[in-house]
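Reading through the structure tokens given below for one structure.
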Amino acid sequence: MNGLNGKPTEYPENALVPYPVILAASKGDPDAMKIVLQHFSGYIASLSMRKLYDERGNVYFGVDEEIRERLQAKLMRAILTFRAE
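For the sequence shown, our numbering begins at 1 and goes up steadily by one.
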């Protein structure tokens, strides 16, 4: 295992987001924001898992898209208000 999980990233998934990327994202750079969101996508997906039911009443777990989008929006707001001093 190389830590990439099949994703074409420049650094392993368990690595930290580089500081210049965080600064660029906090200034509103869309590419840097995309990198940060991609870094936290697995964590956001795990937080937004819910018990869902199909039409026959069978239970399964899946990602609640509304919760996922709300968590992503909250992360973006937090990044934009981040001040590095």
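Ideal placement from N, C-alpha and C gives every residue a C-beta, glycine not left out.
Bear in mind that the values here come from a model prediction, so they are computed numbers and not experimental data.
**OP:** Just the C-alpha distance for Gly42 and Gly57, rounded to the nearest angstrom, thanks.
**Re:** Between Gly42 and Gly57, the C-alpha separation is close to 28 Å.
**OP:** Measure the beta-carbon distance from Arg77 to Ile44 and round it to whole angstroms, keeping in mind my assumption that it falls under 8 Å.
**Re:** The pair is not a contact, with the Cβ atoms about 14 Å apart (cut-off 8 Å).
Subject >> Simplified DSSP assignment, three categories, for Val17 >> reply: DSSP, read as helix, strand or coil, puts Val17 in coil.
**OP:** Give me the Cβ distance between Ser46 and Leu80, rounded to the nearest whole Å; I'm assuming they're in contact under 8 Å.
**Re:** Not a contact, Cβ separation roughly 24 Å.
**OP:** Compare the Cα-Cα distances from Phe36 to each of Arg50, Pro20, Ser48 and report the closest residue.
**Re:** Here residue 36 turns out to be Val, not Phe, going by the sequence shown. For Val36, the nearest C-alpha among the options comes from Pro20.
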